[in-house]
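Count the sequence shown with the numbering used here and you get residues 83 to 375, in order.
What follows is one structure encoded as structure tokens, with my remarks underneath.
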Amino acid sequence: MPPPTPYRGRLAPSPTGYLHLGHARTFWVAFRRARQAGGRLILRSEDLDAERFRLDFADAMLEDLRWLGLSWDEGPDVGGLFGPYRQSERRGLYRQALESLRGLGLVYPCTRTRRDVIEAAGAPHEGGADEEPVYPAKFRPDPGAPLPPLGEKISVNWRLRVPDGEPMSFSDGFLGTQGCVAGRDFGDFLVWRKDDTPSYQLACAVDDAAMGVTEVVRGADLVKSTFRQILVYRALGLAAPAFFHCPLMTDEKGERLAKRHDALSLRAMRSAGADPEEITARFESGDLRPGRI
Ligand code: GLU
83 MPPPTPYRGR LAPSPTGYLH LGHARTFWVA FRRARQAGGR LILRSEDLDA
133 ERFRLDFADA MLEDLRWLGL SWDEGPDVGG LFGPYRQSER RGLYRQALES
183 LRGLGLVYPC TRTRRDVIEA AGAPHEGGAD EEPVYPAKFR PDPGAPLPPL
233 GEKISVNWRL RVPDGEPMSF SDGFLGTQGC VAGRDFGDFL VWRKDDTPSY
283 QLACAVDDAA MGVTEVVRGA DLVKSTFRQI LVYRALGLAA PAFFHCPLMT
333 DEKGERLAKR HDALSLRAMR SAGADPEEIT ARFESGDLRP GRI
């Protein structure tokens, strides 16, 4: 029997705002799972969103996580063999992946606007990290149509063609079996944007594979993204990691915590004199059912 693969987990915060208690709990779970498995934990800064990225948020997220008592074995501030650990420094890898996908005929350029898609999809757009209208199959080019070159600077969106009607499933470490139907629950999704940035789905899957991540711990709002990323792994011939989706925290009105809940940012709690050990003790004592804070 081959030796068991050592556990490699990751924290993948985006420096687009201050981390709030909801992020912190997901990261705490990721941290604990890595430590309990005697594995390694990676911190990767998902800083590809040039519009919302701020350097002070990037510094703050590391500081706030350390304040909370988390530590990691590899990351932008500590180095490691699988770096660089900032996505903005890994563009070459994503570009290579896109070229492979193009070579396989699995992606195509798309000039439809968001409005075209929303109107044609017909269903109201729910918003949220993981929700986007299902891209209508009628907007796709013919599978056999020749693909234009990518060009040095990409100025058109590229989408991955999903296998319509294919039932997909994976066994989640917390939520149990998760299922969906490609093309019905989500459609062809962006792998590259017309502002020449890789999409979250592509960059995240490429990095989790390249960094040897064995389990992805993330919020339950990202289950559909996990299905999309499973298709990216498959298309690139990469093995998918295991997944563990944590239920989201809600505020007193039952609404999901978001970066706009400033009072619940770690930063605000910290300056109000909160005790990090008390916070993590609450994470430890509560079970993982969706709960109020
Ligand atoms: N950067 C993403 C976020 O903060 C990471 C999600 C994930 O864990 O893949 O939402």
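For each residue, glycine too, the CB sits at the ideal point set by N, CA and C.
- Between the ligand GLU and R136, a heavy atom-to-CB distance of less than 6 Å is absent.
- In the three-state reduction of the DSSP assignment, D277 falls in the coil class.
- Looking from the CA of G174, the closest CA among L257, W274, A354, G91 belongs to W274.
- When the five nearest sequence neighbours on each side are left out, the beta carbons in the same chain lying within less than 8 Å of the beta carbon of P218 are those of V199, A202, A203, G269, in order along the chain.
- With a cut-off of 6 Å, the C-beta of A106 is classified as distant from the ligand GLU, since no heavy atom of the ligand falls inside that distance.
- Following the DSSP letters along the chain, one finds W110 inside the alpha helix (DSSP H) bounded by residues 103 to 118.
- Here R338 carries a strand assignment [DSSP, helix/strand/coil].
- Restricting attention to alpha helix (DSSP H) runs no shorter than 4 residues, the segment 148 to 217 encloses them at 173 to 185, 196 to 203, ordered along the chain.
- Membership of T308 in the alpha helix (DSSP H) is indicated by the continuous run 305 to 318.
- When the five nearest sequence neighbours on each side are left out, the beta carbons in the same chain lying within less than 6 Å of the beta carbon of R134 are those of T98, in order along the chain.
- Inter-segment contact for the segment 140 to 152 and the segment 182 to 191 is absent: fewer than three beta-carbon pairs are separated by less than 8 Å.
- Between E297 and G91, the C-beta spacing is below 7 Å.
- Across the set D278, F109, G165, G261, the C-alpha of G261 shows the shortest separation from the C-alpha of F309.
- CA-CA distance, L346 to L103, rounds to 6 Å.
- Three or more pairs of CB atoms, one per stretch, sit closer than 8 Å, so the segment 313 to 321 contacts the segment 283 to 296.
- Inter-residue distance for A354 and Y100 is about 15 Å (C-alpha atoms, whole angstroms).
- Just so you know, the alpha carbons of G258 and P166 end up roughly 33 Å apart.
- Residue burial is scored here from C-beta neighbours: P225 has fewer than 16 other C-beta atoms within 10 angstroms and is therefore classed as exposed.
- Taking a contact as a CB-CB distance under 8 Å, the pair P358 and L150 counts as one, their CB atoms being some 5 Å apart.
- Residue side-chain check: A119 keeps its Cβ at 6 Å or more from all non-hydrogen atoms of the ligand GLU.
- Ranked by Cα distance from P249, the first of V263, F256, W240, R241 is V263.
- When the Cα atoms are used, V216 and L242 turn out to be separated by approximately 13 Å.
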